[in-house]
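Read in order, the letters of the sequence shown correspond to residues 41 to 127 in our numbering.
Think of the CB as a built atom: it goes at the ideal place given N, C-alpha and C, for glycine as much as any other residue.
Accompanying notes for the structure given below.
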Amino acid sequence: MVLVLVSYFGVIFAHDLSLFYLFVEIQSLSFYTLCGLDRCSDFAVEAALRYFILSASVSCCLLFAFSVFYTIYGTLNLTDLALCLVF
């Protein structure tokens with residue numbers, strides 16, 4: 041539970057897209073374990089596996105979008121990106 045709270049605060053206070061991605065992945069790691077906590081239940085294991093596969097595909101798309109941002113604007117800092125998008 042502490043890992044979930046730390047990742048929430050990390051997402052809130054991240055000033056860089058790479059840190060944002062890191063904290064989102066830490067948050068999803070803790071949710072994988074919460075989904076598959078009951079190993080006796082087949083539904084819990086299946087839900088954790090489906091959540092992992094879905095999260096991995098979304099993570100690839102997110103990293104691709106961040107690479108496009110870096111290619112276009114040359115930075116991953118959120119304040120610099122905001123300034124680039126305004127002007």
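**Element boundaries [alpha helix (DSSP H), containing R90]** = Taking the first residue of the sequence shown as position 1, residue 90 is located at position 50. D82 to Y113 is the span of the alpha helix (DSSP H), which, as asked, contains R90.
**Request:** Measure from the alpha carbon of S58 to the alpha carbon of each residue in Y91, Y110 and S68, then state which is nearest.
**Result:** For the purposes of this step, residue 58 is taken as the residue at position 18 of the sequence shown. S58 has its Cα closest to that of Y110, out of Y91, Y110 and S68.
**Message:** Among the candidates L94, S47 and Y72, whose CA atom is the shortest distance from the CA of Y61?
**Reply:** For the purposes of this step, residue 61 is identified with residue 21 of the sequence shown, where counting begins at 1. Y61 has its Cα closest to that of S47, out of L94, S47 and Y72.
**Prompt:** Could you give the distance in angstroms between the alpha-carbon of S95 and the alpha-carbon of S68?
**Reply:** The count along the sequence shown starts at 1 and reaches residue 95 at position 55. The count along the sequence shown starts at 1 and reaches residue 68 at position 28. In a straight line, the C-alpha of S95 is about 8 Å away from that of S68.
**Request:** Starting from the C-beta of V108, find all residues in its chain whose C-beta is less than 8 Å away, skip the five residues before and the five after it, and write them out in chain order.
**Result:** One-based indexing of the sequence shown puts residue 108 at position 68. Around V108: no qualifying Cβ.
**Prompt:** Quick one: what's got a C-beta closer than 7 Å to D78's C-beta in the same chain, skipping five residues either side?
**Reply:** As a position in the sequence shown, residue 78 is number 38, starting the count at 1. So the list reads A84, once near-sequence residues are dropped.
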